[in-house]
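Student: Below is the structure I would like to discuss, written out as structure tokens.
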Amino acid sequence: MGILFGKSKKKETRVTEQDKAVLQLKQQRDKLKQYQKRILNNLESERKLAKQLLQDGRKDKAKLLLRKKKFMEQMLTKTDGQLLNLEQMCHDIEFAQIEQQVIQGLKVGNESLKTLHEMLSIDDIERIMDETREGIEKQQEIDEILGGKLTDEDEEAVMNELESIIAESLPTPVTEPIAGEGDKVPIEDEELNLPEIPTEEPKQKVRRKEAPQLVAAS
145 MGILFGKSKK KETRVTEQDK AVLQLKQQRD KLKQYQKRIL NNLESERKLA
195 KQLLQDGRKD KAKLLLRKKK FMEQMLTKTD GQLLNLEQMC HDIEFAQIEQ
245 QVIQGLKVGN ESLKTLHEML SIDDIERIMD ETREGIEKQQ EIDEILGGKL
295 TDEDEEAVMN ELESIIAESL PTPVTEPIAG EGDKVPIEDE ELNLPEIPTE
345 EPKQKVRRKE APQLVAAS
């Protein structure tokens, strides 16, 4: 029962030789830093002691301490170079591990891509693209039908009807009534009854003089 309901063991992380090397380098780095710290403390104490010896008149002893101090300063400079080398080595190993992981990832990706390419040939891709293009064109036709898009013939019929409506909307010509009829005939359609043009020159009428009347004498 304990096995069935117990917690599953976590996957153990495999420690590589590179990991061990980086760990050793970091441990050596830490030891050098501790050594530098001790040297710095000794340098300060040696300087104070040399100053005290000079005050006491013990010049030779003070000179010896200053020589010792100079040697420790040189050792401190050397440890700085060693620390720099250790840090550089750690960074190089860690970066090499990252590069290895990147290369491994690229390898897996290339294998996956190769498998996908084997699953689909060029002919299959062209067929799928043709089917996709045909499907898009068919959908566009369906959208045009559902959207009520008119054909060229329908557009021409619409324009003809529009022109007919415009013609009907034009103002009606002015009409005047005909005697005896209530209907109006357009002036332009009415025949005018004008007198005929004479073919002979008109004769002048002689005005007859009236005879004078006689007045009777009284």
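Numbering (this note's numbering), first residue to last: 145 to 362. From the three backbone atoms N, C-alpha and C, an ideal C-beta is built for every residue, glycine too. This one's a predicted model, so the numbers in the text were calculated from it and none came from an experiment.
1) Would you mind listing the alpha helix (DSSP H) stretches within the segment 221-309 that are 4+ residues and don't spill past its ends, in chain order?
2) Measure the beta-carbon distance from Ile242 to Val166 and round it to whole angstroms, keeping in mind my assumption that it falls under 8 Å.
3) Kindly indicate which three-state DSSP category Val159 falls into: helix, strand or coil?
4) Please confirm whether Glu190 and Leu208 have their CB atoms less than 8 Å apart.
5) Hey, Arg173 and Leu230: beta-carbon distance below 8 Å or not?
6) Which class does Ser313 belong to by DSSP, given the choice of helix, strand or coil?
7) Alpha carbons only, please: which of Gln171, Lys214, Leu257 is nearest the one belonging to Ala194?
8) Taking just the CA atoms, how far does Ala240 sit from Glu161?
9) Sort Met219, Leu290, Cys234 by Cα distance to Lys164 and report the nearest one.
10) So, under 8 Å CB-CB, Leu187 and Glu217 are touching, yes? Tell me the CB distance rounded to an integer number of Å.
11) Looking only at its own chain, which residues have a Cβ that is under 6 Å from the Cβ of Glu334, when we skip the five neighbours before and after it?
12) Which value, in whole angstroms, describes the spacing of the CA atoms of Asn304 and Asp296?
13) Once the 5 residues before and after Gly279 are set aside, which same chain residues still bring their CB inside 6 Å of it?
14) Quick one: measure Cβ to Cβ for Thr221 and Tyr179, integer angstroms, because I've assumed they're closer than 8 Å.
15) Look up Ile174 in the DSSP assignment and say whether it is helix, strand or coil.
16) Could you compute how far the alpha carbon of Gly225 sits from the alpha carbon of Gly201?
17) Apply the 10 Å Cβ neighbour rule to Ala206 and answer buried if 16 or more other Cβ atoms are within range, or exposed otherwise.
18) Taking the C-alpha atoms as reference points, what is the distance between Asn254 and Lys175?
Tutor: With the structure as the only source:
1) The segment 221-309 contains these whole alpha helix (DSSP H) runs: 266-290.
2) Sequence index remark: in the sequence shown, residue 242 carries index 98 (1-based). Sequence index remark: in the sequence shown, residue 166 carries index 22 (1-based). The pair is not a contact, with the Cβ atoms about 12 Å apart (cut-off 8 Å).
3) For this step, residue 159 is matched to residue 15 along the sequence shown. If DSSP states are grouped into helix, strand and coil, Val159 belongs with coil.
4) Working through the sequence shown from its first residue, we reach residue 190 at position 46. Working through the sequence shown from its first residue, we reach residue 208 at position 64. Not closer than 8 Å, so no.
5) Position 29 of the sequence shown, counting from 1, holds the residue named residue 173. Position 86 of the sequence shown, counting from 1, holds the residue named residue 230. Yes; because the gap between Cβ atoms is below 8 Å, this pair is in contact.
6) Position 169 of the sequence shown holds residue 313. Of the three classes helix, strand and coil, the one that applies to Ser313 here is coil, per DSSP.
7) Sequence index remark: in the sequence shown, residue 194 carries index 50 (1-based). The candidate whose alpha carbon is nearest that of Ala194 is Lys214.
8) Residue numbering aside, residue 161 sits at position 17 when the sequence shown is read from its first letter. Residue numbering aside, residue 240 sits at position 96 when the sequence shown is read from its first letter. It is roughly 13 Å from the alpha-carbon of Glu161 to the alpha-carbon of Ala240.
9) Position 20 of the sequence shown holds residue 164. Ranking Met219, Leu290, Cys234 by Cα distance to Lys164 puts Cys234 first.
10) As a working mapping, residue 187 is identified with position 43 in the sequence shown. As a working mapping, residue 217 is identified with position 73 in the sequence shown. Confirmed, about 7 Å.
11) Residue numbering aside, residue 334 sits at position 190 when the sequence shown is read from its first letter. Bear in mind that the predicted position of Glu334 carries a pLDDT of just 49, short of 50, making it unreliable; the figure below should be weighed with that in mind. Cβ within range, chain order: n/a, list empty.
12) Position 160 of the sequence shown holds residue 304. Position 152 of the sequence shown holds residue 296. Each residue's CA atom was taken as its position, placing Asn304 and Asp296 some 13 Å apart.
13) Taking the first residue of the sequence shown as position 1, residue 279 is located at position 135. Closer than 6 Å at the Cβ level, and outside the excluded window around Gly279, lies no residue.
14) As a working note, residue 221 is residue 77 in the sequence shown. As a working note, residue 179 is residue 35 in the sequence shown. Contact flag wrong, Cβ pair sits at about 13 Å.
15) In the sequence shown, the residue the question calls residue 174 occupies position 30. Note that residue 174 is Asp in the sequence shown here, rather than Ile. Reduced to three states, the DSSP call for Asp174 is helix.
16) Locating residue 225 in the sequence shown gives position 81, where the first residue counts as 1. Locating residue 201 in the sequence shown gives position 57, where the first residue counts as 1. Straight-line Cα distance between these residues: approximately 38 Å.
17) The residue given as residue 206 occupies position 62 in the sequence shown. Buried is the call here.
18) Locating residue 254 in the sequence shown gives position 110, where the first residue counts as 1. Locating residue 175 in the sequence shown gives position 31, where the first residue counts as 1. Between the alpha carbons of Asn254 and Lys175 lies a gap of roughly 45 Å.
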